[in-house]
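Asks: This structure is in structure tokens; I'll ask about it shortly.
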Amino acid sequence: MNRVVSTTVYGMATAPTIAPEKSSKVVSKLYPNYKVIVLDDDFNTFQHVAECLMKYIPGMTGDRAWELTNQVHYEGQAIVWVGPQEQAELYHQQLRRAGLTMAPLEAA
0 MNRVVSTTVY GMATAPTIAP EKSSKVVSKL YPNYKVIVLD DDFNTFQHVA
50 ECLMKYIPGM TGDRAWELTN QVHYEGQAIV WVGPQEQAEL YHQQLRRAGL
100 TMAPLEAA
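Numbering that gives the first Met the number 0 puts the first residue of the sequence shown at 0, with every later residue one more than the last.
Structure below.
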């Protein structure tokens, strides 16, 4: 006796697909700051370095300029300004053109 078994598959019940909500969060990422670094050399005088710092670095006081000039001399370098890349490039270029020995700009 041959038996034919017939099975019928009906649609499987599934939960409705729910699209994930779009995130309305805005993740702000700050641009990195850059360091303007003056290096020690054998030809710039303390006076010239301090005067350049006061002339080209905004808000630089005489006292701070001398502190940084001493740091350049005794430690070999000093970070004279930290901030956005475009301004850092400007100050770096101005100090270099004034004859100071500069380290390459680097991200802070």
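All residues carry an ideal CB built from backbone N, CA and C; glycine is no exception.
Here the structure is a predicted model, which means the values were calculated and not measured.
From which residue to which residue does the alpha helix (DSSP H) around residue 61 run?
Replies: It spans 61 to 74 - the alpha helix (DSSP H) in which residue 61 sits, taken as one unbroken run.
Asks: Tell me which residue opens and which closes the alpha helix (DSSP H) that residue 48 is part of.
Replies: 45 to 55
Asks: How far does the alpha helix (DSSP H) with residue 30 in it extend, from its first residue to its last?
Replies: From DSSP, residue 30 is part of no alpha helix (DSSP H); its letter is neither H nor E.
Asks: Applying the 10 Å Cβ sphere with the 16-neighbour rule, what's the burial state of residue 30?
Replies: Burial check for residue 30: the Cβ neighbour count within 10 Å stays below 16, so the residue is exposed.
Asks: Return no unless some Cβ of chain C is closer than 8 Å to the Cβ of residue 29.
Replies: The structure shown contains no chain C; it is built from a single protein chain.
Asks: Just mark residue 77 as buried or exposed, buried being the case when its beta carbon has 16 or more other beta carbons within 10 Å.
Replies: buried
Asks: Per DSSP, what are the beta-bridge partners of residue 82 in this structure?
Replies: 33
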